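Under our numbering, the first residue of the sequence shown carries the number 9, and numbering increases by one thereafter.
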Amino acid sequence: MSTIRVHGACLAGVGAELVTIEARFEALDRERAEIALTGLPDPVLRESRGRLAAALGEAGYDIPSGVLQLHLVPAGRRKSGEALDLALALGAAAAVGHLDPRWLAGTLFVGELGLDGRLHPVAGGLAAAEVARRAGLARVCAPEATAREAAYERGVAAHAFASLTEVVAAISGASAWPPRVVAGAHEPQSA
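Rendered as structure tokens:
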């Protein structure tokens, strides 16, 4: 049983904070899957467990019977908001064996997940991109409005996605990455 790591960000004051999600799955003989979320999540983040299960199921990535542990690092600081949904879902999918964890490297994932797997914009795209750059990450994957904001940060490529399945298709190589979002542009442009 290995630990998967994926990067996300959540708002912290006027900026953002890098959050590493550590995901681990243990198959157990149970009636259903249990999702445990640790690392000082606020109520909105605790509610993400239901959104994750529904969105992953819509994308064809059911969580098998067992315990899925999702830990938010740094554990000593409270994390808030829905911006971690996308990173949590990708970490969960990798932990249960649906995704290759190497596909998650070098990228910051931010966005709220709908129950149907669609991505919804979140506040703080520019702050998240700044955190990504400082952490040495090459790109930010986010819903379109959030990616447009993230594009203003130099040194980080911002890519816009509409759904969890689009993100998985791009990171897995099943489809081309969407064009890099250009700061100030209303439509993504090729870079």
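We put the beta carbon where it would ideally sit given N, CA and C, even for glycine.
It should be emphasised that the depicted structure is a prediction, and the values quoted were computed from it without experimental measurement.
| Asked | Found |
| --- | --- |
| Alpha-carbon spacing of residue 199 relative to residue 54, whole angstroms | Legend: pLDDT at residue 199 = 48, less than 50; position of this residue unreliable, value from coordinates given subsequently. Between residue 199 and residue 54, the C-alpha separation is close to 38 Å. |
| Straight-line gap, residue 147 to residue 190 (C-alpha atoms, nearest Å) | 13 Å |
| Helix, strand or coil at residue 115 [DSSP, three-state] | strand |
| According to DSSP, residues forming a beta bridge with residue 13 | 30 |
| Whole runs of the beta strand (DSSP E) within the segment 114-149, excluding any shorter than 3 residues | 115-117 |
| With 16 other Cβ atoms within 10 Å as the buried cut-off, status of residue 154 | buried |
| Assigned secondary structure, residue 179 (DSSP; H/G/I helix, E/B strand, else coil) | helix |
| Three-state secondary structure assigned by DSSP to residue 76 | strand |
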